[in-house]
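Enquirer: Residue numbers (this note's numbering): 88 to 431.
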């Protein structure tokens, strides 16, 4: 059974953290019990088989509060933690978007099918939040970190396909996270490796986010838009979060940082977490699984604010209201027929 908060249960921190490997270590269990995060994010290092993953999730749920969320990056294509042969392969967003020029309705349907099937896989594995879809546009000449993770170069098409994918996730009972606000597509540097800097934010970058402002979660971009805030990336910028993400985009849901272990963040994760939360993020995400850094972050991370807790609960309610019964075999067959038509 999952843990249940009581009067003596420690308050959940405003953080989502990773664990080291395929099984929960005793020192991790002690830390997570004394300083519970709002959520856990799982990576490839945590996933070996269905049975092993189930055991890991159960062991985590036994020590964590019942509202703890479990997150995974499962976009399809090259960004996937649940992989063959234990789980099916899913196409990249760019494959879905490639159909749009000739058969837009089938492309939109394919996006929904992929979202629903990924959501089904994740929920079945005990994971309720999926870090997808990508709302960044494909921009020729930009760094390949986005590339075929983007649905399309056109902002409206990107928005439509991403929304259909997100609707599929929610139909399966999974909470989608649109990323990377307010737009990563034009970056010339991979934020996993260094801090990208762009002079400004263009309307085409912003539009997919504006058109998907009703998504339950968004993830920030580790990119500095120097005309808006010359000193800080979006993740750490009160100006970008207030004026662009909450303002121009109009987003009212849960705002989580991109991974604070990425090299775009030049400081210690605990310091980045503190700054991101002060700037207006609801949750600080640190996924590296390094015990000492995770311990330091959880010890210093403040509790969830009442506003963040309300947004988390509203997101869960929104997804619950859209969930339907999924016949996985039927959806797999329908999707394969569409994919076969692309290949021929």
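All C-beta atoms in this analysis are idealised placements derived from N, C-alpha and C, irrespective of residue type, glycine included.
#1: Across which residues does DSSP place residue 282 in a beta bridge pair?
#2: Nearest-angstrom Cα distance between residue 362 and residue 103?
#3: What separation, rounded to the nearest whole angstrom, lies between the Cα atoms of residue 357 and residue 412?
#4: State the DSSP-derived secondary structure class of residue 199, mapped to helix, strand or coil.
#5: Which whole-angstrom value is the C-beta distance of residue 221 and residue 233, which I expect to be below 8 angstroms?
#6: Roughly how many whole angstroms lie between the Cα atoms of residue 145 and residue 288?
#7: Could you tell me how far apart the beta carbons of residue 302 and residue 263 are, in whole angstroms, since I believe they sit closer than 8 angstroms?
#8: Consult DSSP for residue 267 and reduce its assignment to one of helix, strand or coil.
#9: Tell whether a beta-carbon distance below 8 angstroms holds between residue 125 and residue 155.
#10: Are the Cβ atoms of residue 360 and residue 371 separated by less than 8 angstroms?
#11: I need the DSSP call for residue 296, collapsed to helix, strand or coil.
#12: Tell me the DSSP secondary structure of residue 193 in three-state form.
#13: Can you list, in chain order, the stretches of the beta strand (DSSP E) that have 3 or more residues and sit fully within the region 206-280?
#14: So residue 187 and residue 239 are supposed to be a Cβ contact under 8 angstroms. How far apart are they, rounded?
#15: Excluding the 5 residues preceding and the 5 following residue 213 in the sequence, name in chain order all residues of the same chain whose CB lies nearer than 8 angstroms to its CB.
#16: Just to confirm my understanding: we take residue 402, look at its own chain, exclude 5 residues before and 5 after, and list those with CB closer than 8 angstroms. What are they?
#17: CA-CA distance, residue 92 and residue 309?
#18: If I measure Cβ to Cβ from residue 132 and keep anything under 8 angstroms in the same chain, skipping five residues before and after, which residues do I get?
#19: Counting only the same chain and skipping the five closest in sequence on each side, list residues whose C-beta sits under 7 angstroms from that of residue 229.
#20: Just mark residue 165 as buried or exposed, buried being the case when its beta carbon has 16 or more other beta carbons within 10 Å.
#21: Specify, as a first and last residue, the run of the beta strand (DSSP E) that residue 163 falls within.
Expert: In brief:
#1: For residue 282, which the question treats as bridged, DSSP gives no partner whatsoever.
#2: C-alpha separation (whole angstroms): 15 angstroms.
#3: Approximately 41 angstroms between the Cα atoms of the pair.
#4: Three-state DSSP puts residue 199 in a helix.
#5: About 7 angstroms separates the Cβ atoms of residue 221 and residue 233, confirming a contact at the 8 angstroms cut-off.
#6: Computed Cα separation, rounded: 43 angstroms.
#7: Yes, residue 302 and residue 263 are in contact; Cβ-Cβ is about 6 angstroms, under 8 angstroms.
#8: It is a strand residue.
#9: It is a contact, given that the beta carbons lie within the stated cut-off.
#10: Closer than 8 angstroms, so yes.
#11: The DSSP-derived three-state label of residue 296 is helix.
#12: Reduced to three states, the DSSP call for residue 193 is helix.
#13: The region 206-280 contains, as complete beta strand (DSSP E) runs of 3+ residues, the segments 262-268 (chain order).
#14: The Cβ separation is near 6 angstroms, so the contact holds.
#15: Excluding positions up to five away in sequence, the list reads 140, 141, 144, 145, 148 and 157.
#16: Sequence-distant Cβ neighbours of residue 402 in its own chain, meaning closer than 8 angstroms and more than five residues away, are 262, 303, 304, 340 and 341.
#17: With a pLDDT of only 43 at residue 92, under the threshold of 50, the placement of this residue in the model should not be trusted; the figure read from the coordinates follows. Here the alpha carbon of residue 92 sits roughly 34 angstroms from the alpha carbon of residue 309.
#18: Hits under 8 angstroms: 107, 108, 109 and 376.
#19: Result list for residue 229: 272, 273, 274 and 275, in chain order.
#20: Counting Cβ neighbours within 10 Å, residue 165 comes out exposed, since fewer than 16 surround it.
#21: Here the beta strand (DSSP E) through residue 163 covers 161-163.
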